[in-house]
Structure formats: structure tokens, C-alpha cells
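Please read the structure below before turning to the comments.
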Amino acid sequence: MLLHEDRLFPADAATRAVARRLYEAVQHLPIVSPHGHTDPRWYAEDRPFPDPARLFVVPDHYIFRMLYSQSIPLEELGIPRKDGGPVETDGRRIWQRFAANYHLFRGTPTRLWLDHAFQTLFGLTRRLSADTADLYYDTIADALTKPEYRPRALFERFNIEVIATTESPLDDLRWHRMIRESGWGGRVVTAYRPDPVVDPEFGGFRDNVARLGELTGEDTASWSGYLAAHRKRREYFKTFGCTSTDHGHPSARTADLPAPAAEALFQRVLKGHPSSEDAELFRAQMLTEMARMSLEDGLVLQIHPGSFRNHNPLLYERFGRDMGADIPTPTDYVRALKPLLDRFGNERGLTIVLFTLDETSYSRELAPLAGHYPALRLGPAWWFYDSPEGMRRFRELTTETAGFYNTVGFNDDTRAFPSIPARHDVARRVDCAYLAELVTSHRLDEDEAHEVARDLAYGLAKRAYKL
Amino acid sequence: MLLHEDRLFPADAATRAVARRLYEAVQHLPIVSPHGHTDPRWYAEDRPFPDPARLFVVPDHYIFRMLYSQSIPLEELGIPRKDGGPVETDGRRIWQRFAANYHLFRGTPTRLWLDHAFQTLFGLTRRLSADTADLYYDTIADALTKPEYRPRALFERFNIEVIATTESPLDDLRWHRMIRESGWGGRVVTAYRPDPVVDPEFGGFRDNVARLGELTGEDTASWSGYLAAHRKRREYFKTFGCTSTDHGHPSARTADLPAPAAEALFQRVLKGHPSSEDAELFRAQMLTEMARMSLEDGLVLQIHPGSFRNHNPLLYERFGRDMGADIPTPTDYVRALKPLLDRFGNERGLTIVLFTLDETSYSRELAPLAGHYPALRLGPAWWFYDSPEGMRRFRELTTETAGFYNTVGFNDDTRAFPSIPARHDVARRVDCAYLAELVTSHRLDEDEAHEVARDLAYGLAKRAYKL
Amino acid sequence: MLLHEDRLFPADAATRAVARRLYEAVQHLPIVSPHGHTDPRWYAEDRPFPDPARLFVVPDHYIFRMLYSQSIPLEELGIPRKDGGPVETDGRRIWQRFAANYHLFRGTPTRLWLDHAFQTLFGLTRRLSADTADLYYDTIADALTKPEYRPRALFERFNIEVIATTESPLDDLRWHRMIRESGWGGRVVTAYRPDPVVDPEFGGFRDNVARLGELTGEDTASWSGYLAAHRKRREYFKTFGCTSTDHGHPSARTADLPAPAAEALFQRVLKGHPSSEDAELFRAQMLTEMARMSLEDGLVLQIHPGSFRNHNPLLYERFGRDMGADIPTPTDYVRALKPLLDRFGNERGLTIVLFTLDETSYSRELAPLAGHYPALRLGPAWWFYDSPEGMRRFRELTTETAGFYNTVGFNDDTRAFPSIPARHDVARRVDCAYLAELVTSHRLDEDEAHEVARDLAYGLAKRAYKL
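Residue numbers (our numbering), protein chains in the order written: chain A, -11 to 455; chain B, -11 to 455; chain C, -11 to 455.
See the structure below:
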């Protein structure tokens, strides 16, 4: 078997017994996935997934970046080149390369997620390796032709109560419309991710802003029209179940400029080629504008700063974005968020969810901020920390100052559909293990731990994201 | 019962057994509290504490900031407004609000401290909740009317050998005088906290400096007179048992200016409205001046930098300082302390105790500095880290480089009187748990662990602070 | 006994059993030491080591800095003064001072290393203390007169397969030549450490560069001649087994200047008294030049930045470098390495090993970088982290993102010859303990853990360093 029923539980027998009891009570709770990146087209069209390599390897930068770090060219893994140059097209060969290097994932969460999918979805029980590569390929490829492996069937099998996808304000939400009109009961909602029209350094920013004007009938060449266009677009997204916005800036910087200064800044960045300071300041101002709109329309504001995107220019030129070369940087929250918090931090009607890629901020900045400001909540261990050790550190470093109730449960944040149940399962196990340790060291009673476990697995996400 | 006798001990049975043996030998040692903020007036007047809400909730920013973070207005918790506006005055109602939200403190040290006080002081054994709120209120309120719950009786019951309070140089130490003249045997000493006359950005700085001149008969409009006034005031504090000074600056920056430059700087900051660079430089220079005076008069110098005070301007305007909105920031020690260390770091007759709110500095900066400079010692896990996980990380991150003997034992650093025994008990348990793990992994022999446990609980604080 | 056979293993019985099995399979593997600082003269001349104090105390800054931090003057420990002033010369008295303060090392890796040497090399089984100081001194002094305690005999007894020493390009490698010509079978190789001719702030930089020209017959007053001299010297070092270069800069900054700008910079720094920015930029450029040469000649490039050297000027003036006053500082890798990585990061024929003294970079920067760039590998927990807790944190913070195979095994990095087996033993035990925890929590199968344990103890170092 690939999976042991006690995986990720504490070694100590008494503590493990508590962890088991806690986990048994939450393992079958539905999945609430308020922050994700699956493709709504899958649920709209409900077509079969392609071959195993294109399901597991090609779209998952966790996998191909690790193989790349060990000198396997991305072309050999079938990653499409921007120039249309030749890459591997034989799914089986891609899969064999991956399988022969499966040992590279020892000790990583990718290994946990994959083994979970291999066993629970496809009934595979021998470890993936060069020897079992073909067995895996054939088994998975065969399954993918069956109706019960189509996106909607998997959605239901995964027990997903609700999942959010992420769309640009320029998206027409056609797949969401198709899902709704299909009469299928699965709850798929959108989230408002305005980076393309908010970040002056985003490719095509000026055209994007113009297009936003066309979509909304607002004059987005003016500051007031631009803001009005956002308001309209947010309302449109809400008609497709949207309850949150999502902002991935290089830093957590915010600003609260007087209206004329904001307007002048908007005009400068709209002219093109803004200075990096102007670009940063505009993003900063827009976080505060988004918070103001959230107070009006109730959307939850998510900020996840601190990634140096596309660090590797050779790969960016050849393959484009999201090639596993986004690297975290030190991130300040205390000074960066102050303008926004000065304005809206005490608002009880506002929810701002903070994520980080800089663990040093957990206990030093994020927990103290969230343990004070009514508007702030902490997002879960994210991206490079979306792992057993990362999740454990998140709890150890935030709970003592912010408690459990200033956190918002788990986000899977993934486009790797088959990994979703595995990721939630890992989070539930790690949280139950943490709670069990509090119980065994007599810091929490077991009846309380049961309540908390349920909240961490289900209730907090549902309440924080109003789902 | 609220308290389990094995709380905070390791889960592993063999390790727990070692922890128990270590703890049994130190649990009843007297409390040495060299760095605290209780009110000396309590011991001077020995009046009964007011109602349960005003004993536990209203003065404790650990409690009310957590409630505030979950949208409970401070007015409803009875926190006085600066403008005298209406706030809740009914202690029972405040207590009920607190009790109904006691689940927010799950996993926090506040919960440990409170449960300890509830059970050991008031005999309460059912968990606090909305259901038990009145039971708690009545039980505690009733006890507070009895003589054995007055400050001096509790001081003795807590087995406090010596406690330091903290006073401004402008304080006349009248309560300390009253304690001494009362003939009561409890040892309450003062500590010299000169922020109001050392920090040009402290409210009323110029008037404070003038007042310091009046108190000492020195011309504090001159640099030499200002320094002489400090010397006199330190001597005065020493007559009330003072063995230490205490400095809470925004950064750890120090300076060692030539005397004329220091004098010119003093004249600039005294004029009012100094630049922030001048204010920072003056604080920096004063740390070095204080070190120089410590070499002369033997007072231990405590530096605890890195808090962004009063981060929330709305709360600061409405309620004032210390409202739970002091947020840690990244803190440099290596470059910041260099001017002071260049001058006095090799002095064997000087003790400088360093605290931090930035855990990243433990292993990277503080332990290497304290493991080298004779004048440096490390203060304990402090404030946001004054918690089981925080204390454990402090030991894990500092011991391997600085050892145990460059640390100074535990400081409770609190104005929450009933939490003092609980805090020392938590520290003793966590240290014994850490030592037990060293013993079980055969890094330390048990006889040595006993010696260290006693030093961490009692001896190091007594020796480092010359108490 | 000083050593327990289960030291450093997890407390939990089941996990400990796994750790034991893993360790049993790797404990006797030969030592591969690719990054060290022992003196090649020892192996060349094979003379007896001097007395116990001069073997253990005087050359080991881990030991004397701790004693110094507790106010023991370095003079009393026999550390030679630059001015030739009087210091303790009686080895026994030095030893007694050390022994009387052995409790200071409780909980430190120094204690583990020393106890290992005391018991395994000298058969000592009672703890070192004032009481046993003379017993230890006599036992060790007696042993050191015997042939089996000479350097070559110890080298063989330690089961060292290969060890690297570190030499300046100005070194004539005479001891390496003598070793080779002696016919002794021990494999001692050199490593190329060019700081004296690469760092414009290194003492004697201009003269060093001139000397480099003399040694190589190149005109090192010109940029092209200077680079050619490096190339020649690297080739010369390769004839003495060199497989790596070693660079200890204050920061990880790299640069990739156009050739004319690099040449102009070289001319500026060669004139003497360069600005600190020019000095930093030259070091930055030279890392990229070294990478370019590594691509040509195959030498592994090691970067270990972030130490503030000689922080204590009083000690530096009196005793010189390496007095235990090198203090870590926050270190950026993401922006600092970008120029070098933009140029060579995707090269499969290049190996760059990154070390850190700033643990915050493990999970935030180093693991994500090494988990992506083919040219990057992570060096082990180093210096202040070369300890059980430090090694554990290294694995916990890097494995989930970079895996095991982007790391390079253990480096002892020491000039303390008798500690080498102890250090490798500690590393093997800690890695086996970590792997055992993965096994017990069902994140890794035991057969895989055996493979990984062997790689961490032996295979990775051999392969990464091409030894």
C-alpha cells in the first residue's frame, strides 16, 4: 500500500490515539475550497482528462521544477515552448522520465499528494518507479476513459461542497455561465483577481484597462470611471457566486493617497512605462481601494505578497510564466499594511486574509497583527509551506498569539485537480496531530480539540469566506 | 480539574518521567522576578483588589486585544476612554462577555495563566464559559473581599523572594518608600526606566527633562548637567533596591559620539521637534551613556528593542498607550550594537541583557553575540514569545551556541499580578521538558540537568540581576 | 561512559528502533570530507600533536569564545598575542581552566564532539571537570607520545577516504607535495580559496595580486592577465586533487558586468583604498568569473556568505582573526545571486554549493532556488548550525521544497582534527533520526530511508564534489 492509515500522526502512541480520534471525526467532512486555480472549463464541458502525463506532470510546476533542478530539460517533459519549438509529445515517455526520478520527491508534499491520488483514485499500491512506470501509465490511462473519471464525477467523488476558481476582471465567465446553465448541482464559484488591470507592470496593462472600460461601459481612462468599472465588474462576478478578491503583489505595500494624488498617479501609470516606484505605489493604492469596495459589497480581500516572479529569464523567455521559478523574498507587513489598516483596520464588516511566503513574519508580524485588528485574518500555510512541516510551523508560530479563530482554515490553492482531496487530507491530519499534542500536553481538553478540528477542517473556511 | 499535573511535559513516557523529576526539584523554589510591571502601590496600601473583571480583564492587554480582534469593542470591556466617554462599568457584564468568548484563547498562554490562577487561587475546577461565568464571578468576587487575597498576602502565598517594579526617573518612589516604612518584609525593588527623559519622541520629553533637573538640582539644559542628573537619580533608585535599568527603544541602535557631538545632539533634541534621525541617534547615544554609568554604579542594563508602538492610531487616540497594538518588527543587533560593544563589550564588570521580539535573531545574532562578548547576556523569550512554544524555540535556537550560562533565567514582565506564579510555573515546566529531551537523547546527564534546571528557575536570575 | 549508543535518536521507542537500524547501516561508512581546514603539514610531517591544551583548547574558537564570553581572558587560555605579550604557556594550567568550566558547554555541540574524542580516542569515561582535569591531561598527554596518535595514524583510524584542506592561490602547496612524494596512501586534496586575491578589503590585497602574477608569470596588473593567472593557478591546484573553490564573502552579491566595466573596476580596486561599494562589486563580479572558470575546468563553486568578520576590534587588534567574533547577519540570496544565475544558473555542467548563516533563508530562499536551478545545490547546516538542532532544522526547512538530492551531504568544515569523526557521527545520527521520523509518520518507506541515509552520509558528498 502507498498510504498508511496513521500517516502524519505523532509517533507517541497516546498522542497518536488522540490524533486518530480527532481525525476520524473530520476526515469525511465536505471540502470547502475557497481559494483555488482549477479550470472552470473542466466542470463546464466535463470532458475526459487527457493522458496521465498531461494530467499529473505537464501542468504541475511542483513536479517539473524538481525534475528541472536535477537537469532534466523541460522540453523532455512536454512543457510547451512559446516559440512552438519541438518538445516531447509522447505521454508515456514523459511519464517514464518522471517515474524513473520519483525518488527525487522523497520527503516532499508532492510525494504525499501523488501517492494519495494513485492509490485512492486508481487503486495503485506498488510504489512508482522505472519498474512500475508502464503499469501506472496503463492503469491511469485506462481509468481516464471511464465516465467516473470525468471532472464532474471526480468533483462529486471528492466531496467538494464548493470550490472557487480565479478569474481576471476581463474574463467573460463563460465557463461559469455554462456550468450554471447545465443544471449540474456542483457549486463552482469565481474569485475576482484583478492583477492584469491593477498592476501597471502586468503585460498589456494599458490595453487591459481599456478592455475593462469596454466590458463595463465606463470611461476607464478616468480615475472615477476606472473605479466604477471595478465596482461593476465585482457585482458581475458576485452573480457567479464570487465572495472574494485575490491579490498577488510583489510586496504587501498599501497606500491611502488623497483622491487628487491617486488620480494623478493613475494618469501617470496609464501613460505606460511607469517608474517602478509609481507601479508599486499604484498597486499599493489599489489594495486600499479594493478594501473600500469590499466594505461596500462584502467581498473578502485576500493579499498574498512576496513572490519574486519569473526569477529565471531564460525559462521565462522560452516557456513563459509559472515555470517554478517564483522565489519568495523577505516581506514586511507592519509598515506596509499601515496605510490600509489606519483607514480600515478597525472595520468589523471587512475581512482581509493575509498570506505569506516569509515564515519569519508568522510570529513576529502576522500573528500580532491578526491578534489585534478586527479586519485581519491569517490565511493558511501557503505554497512552499503547504506541507506537513510547513503547516505544523504555521500553527506553532501563530496559535499562541492569534489563536485559532483569527485563521481561516485550509486553502488548497491548486490547479492540480487530483491533488485536492490529498491536500485537504494532509491539512486535516497535520492539524489533528497538532491538536493532539496540545491535548496530550494538557494545554487543551479533548472535547475542545474536537470543536477546533471541525472548525479548521470546515467551519472557518465556510464562515470567513461567507460560503 | 483545569490543571493536569503533567501539563507541558513531553508526551514520551520516559522523557516525561525525567521532566517530572526535574520539575519536582524546582517547582517550589521561590520566585525571583527581576523585570516586572506590577504597581508598587498595591504592596504599599495593601487594599483589596476590585472585582474579577478589573482584576483579570480590564488591565490585561493580552486578553482584551484578543477579544477586540474578534470585533468586541473595547468600550464593552470597560477600557476607559481618554475623552471620558461611556464604557461598560458593570464588572459582571464585562466578565460575562469575556467568559462567553473564552474559546478564543484555546492554544494560547493566556489560557494557561488564567486556568492556573482560577484553580490555584480560587479553587475553580470547571472550565470558564458562558455557563460558568456567574459561578466564576461570584467565587472570585467573594474571595477578593478576604484578607488572604490582599496584595501582600498573595505576594507571600506566591513565594516571591523579590520582585522589581519599573519606574520613571521622574517618579518620587513614594510607594516604595511607604512599603519600606511599613515594616512589611516583602522585598519589592524598583528599576530605572528612563524612556520619558531619554526618548525625544516620548510625550512631554522637554518638560520631563526640565522636571528631572528640578528633582536633582542639576542644570538639565546642559549635557553635563543632564548626565549628572541621571547619575544622581540612579543613585536614588539604588537606595530603593534598584539593580537594573530598562530601555524599550524602537531599535537596538547604539552610538558612541565624541562628547561635543553628543552635546550638540542633546541641544538639538532639547529644542523640540527633532528629526526622526536625531531622535533615533539620541536614544542610541543614551544607551552607551547608560552603559558607561552602569560600569560605574553596577546597574544591569536591559535592552528590549523592536516594538512598533501604538500601531493603531484610532485606538491610540481613543484609549491611549498599551492597547495591544504594539507590533514587533525585524530587529538588527549585529550592526546596531557595535558602537556600544566596541566601547564596552569586553568589560567584565558590565552586564547587558538583550531581549528580542524578532525570533530570527536568536540563532543568527543574539546567541553568537552572547556566546562571545563578556558583557552580554540573553534575556528570556519575551512578550509574544512568553509561551510554551516560544520558550522552547528560545532554548532550541540559543543553547547550542550560547549555552545556558549566557542566559539570565525567566522574567515575567507582567502587570497581571495573579498570573505571576502561573508564568514562572510555565517557564519551569518548559525548561524541564527541554532538559528532559536533552537527557533522553543523551546530550546531557540527569545530574547536570538538575543543576541547570535550578539555575534556570532561580539561580541565573538572582546572579545576573545581583538580587 | 560519556557516550550512549542511542544518543541523538528520537525518544519514541518505535522511531528510535528505526533510527538505530538506519544508523547501523551507515555508521561505519568512510568519511568524505570535501570542505575542511585541517593543516596539510600535519599529514606531511606526521609529527606528534603537542599537549592536550594545544590539541583541544588553543586552536578551537568554539571552545575559547565560550570561555571568553564568561569573562576568562584569552591570555589565560594561551591564545598568542600579536604583540608577543605574555600569555599562559603551561598546558596543564590552560587545561585546568577549561576543565573547571566544562559545564558552560552543556547543551552545545562542542560538548558532544569533545566527549566523543575523549572516549573513543583516549578511553576516558568519567566526565571532564575540575576533579578529573589532571586525569584527562595525563591520559591524553601520554597517548599523544604514541605512534598511533600521530596524524596519519589517526587519519586512518578515522576511516577518512578523502579530506580537502583549503589553500590560498599564493600557497605553494609544499605540504601537499610532500604528502604525495611520501608515498603515504592517505588522500588529502586541496581546495582553491582565493579571498586574499579576490577581496579588495583583504589585508595586503595589492601585494597578493602582484604575488599571484609572479607565481604564474602573468601580468596581474591587467584584468586579462589577472584572470589568466587564476586559470593557471586553478589548474595547478587540480594537480593536487583540487575539485572545488571556496568563497567566504560578506554577502552573496554577484555581478555580471560587461568586460570593459569589469576591467575598469579591477583597475580601481587595484589602486588601493577602493570604496566599499567598489570592493563589494569586485567580489560580486569575481563570483561570476569563478563560475565561468568552473564551467571550463569543472571545479565546484562554494559560496558561504553572511559573516560579519572580526566584530570585536579590541580582540582583533590584540589577537588577530578567527577569535570567535565572526557574527552572522541577514543574508539575501534571491536578488544577490540573480546576475550569476541569469548567466549560468541553467548550466547542467556547473555545481554551485550555497551555505548560509541565516536560517531564515532555508525555506524562504535557498530551498526554492535549489529546487529550481540545475546549477544550485545546498550545502549542509554550517558553523553556528553545525549542531543537532541546527541540522534537524536544516532538513525540516529544506527537504519539503528541495528534496534530499539538491543537498550535498555533510561538511565538517573544521580545523579541529580530533572532532572530525564526532562531527560526522553527529550528522549521521541526526539525519537517521530525521529519516526515522519520516518513516514512523509514514512519509517515507524504510527501504527508501536506507538509500537516503547512505547518500546523506557518503554518496552525495562524493558525487557533488566529484571525489
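Glycine residues also receive a C-beta, built at the ideal position from the N, C-alpha and C atoms.
- Near chain A, meaning a CB-to-CB distance below 8 Å, the residues of the segment 328 to 350 of chain C are Leu329, Asp330, Gly333, Asn334, Arg336, Thr348.
- In this structure, B/Gly312 and A/His360 form a Cβ contact; the two beta carbons are roughly 5 Å apart against a cut-off of 8 Å.
- Within the DSSP secondary-structure output, C/Glu155 pairs in a beta bridge with C/Tyr180.
- A buried status is given to B/Ser21, since no fewer than 16 other beta-carbon atoms sit within 10 Å of its beta-carbon.
- One Cα belongs to B/Trp370, the other to B/Asn399, and the distance between them is close to 8 Å.
- If you look at C/Ile128, you'll find it isn't in any beta strand (DSSP E); it sits in the alpha helix (DSSP H) that goes 121 to 132.
- Residues of the segment 361 to 393 of chain B with a Cβ closer than 7 Å to any Cβ of chain C, in chain order: Tyr361, Pro362, Glu384, Thr387, Glu388, Thr389, Gly391, Phe392, Tyr393.
- Against chain C, the beta carbon of B/Lys326 has neighbours under 8 Å at His299, listed in chain order.
- At a cut-off of 8 Å between C-beta atoms, B/Gly312 does not count as an interface residue with respect to chain C.
- When secondary structure is reduced to three states using DSSP, C/Asp413 falls in the helix class.
- Contacts with chain C (Cβ-Cβ distance below 8 Å) from the segment 54 to 68 of chain A involve Met54, Tyr56, Ser57, Gln58, Ser59, listed in chain order.
- When 9 Å is used as the limit between beta carbons, A/Thr276 is near no residue of chain B, the shortest such separation being about 15 Å.
- Note on geometry: alpha-carbon atoms of C/Thr242 and C/Val14 lie some 38 Å from one another.
- At a beta-carbon threshold of 9 Å, none of the residues of chain B lie near A/Asp(-6); the nearest stands roughly 15 Å away.
- In this structure, DSSP gives B/Thr233 an extended state, which the three-state scheme calls strand.
- DSSP, read as helix, strand or coil, puts C/Glu189 in coil.
- In the three-state reduction of the DSSP assignment, C/Gln255 falls in the helix class, which pools H, G and I.
- Pairing C/His(-8) with C/Pro409 gives a Cβ-Cβ distance that is not under 8 Å.
- Put simply, of A/Thr153, A/Leu109, A/Arg53 the residue whose alpha carbon is nearest the alpha carbon of A/Phe307 is A/Arg53.
- Using a CB distance cut-off of 8 Å, B/Val440 counts as an interface residue toward chain C.
- Boundaries of the beta strand (DSSP E) harbouring B/Gln290: 288 to 291, taken from the DSSP string.
- Proximity to A/Asp(-6) across C/Asp435, C/Leu448, C/Val440, C/Arg431 peaks at C/Arg431, based on C-alpha coordinates.
- Three or more beta-carbon pairs drawn from the segment 320 to 335 of chain B and the segment 296 to 304 of chain C are found closer than 8 Å, and the two stretches are therefore classed as touching.
- Counting only Cβ-Cβ distances below 7 Å, A/Thr3 has contacts in chain B at Ala(-1), in chain order.
- Note on geometry: alpha-carbon atoms of A/Tyr90 and A/Trp83 lie some 10 Å from one another.
- Contiguous beta strand (DSSP E) elements confined to the segment 371 to 444 of chain C do not occur, taking only those with 3 or more residues.
- A Cβ-Cβ separation of about 7 Å places B/Thr319 in contact with B/Ser239 under the 8 Å criterion.
- Leaving aside the five residues that flank A/Pro182 on each side, the residues in its chain whose CB is nearer than 6 Å to its CB run, in chain order, Pro157.
- One alpha carbon belongs to C/Ser429, the other to B/Leu10, and they sit about 30 Å apart.
- C-alpha of C/Ala41 to C-alpha of C/Ile67: approximately 11 Å in a straight line.
- For the segment 85 to 101 of chain B, the residues whose beta carbon sits under 8 Å from a beta carbon of chain A are, in order, His91, Leu92, Phe93, Arg94, Gly95, Thr96, Pro97, Arg99, Leu100.
- Rounded to whole angstroms, the separation of the alpha carbons of B/Glu377 and B/Arg4 is 17 Å.
- For the pair B/Val418 and B/Arg380, the CB atoms are nearer than the 8 Å cut-off.
- At a cut-off of 8 Å between beta-carbon atoms, C/His412 makes no contact with chain A.
- Annotation: C/Ser21 is outside any alpha helix (DSSP H); the continuous beta strand (DSSP E) that includes it extends over 19 to 21.
- Flagged as an interface residue toward chain B: A/Val322, by a C-beta distance shorter than 8 Å.
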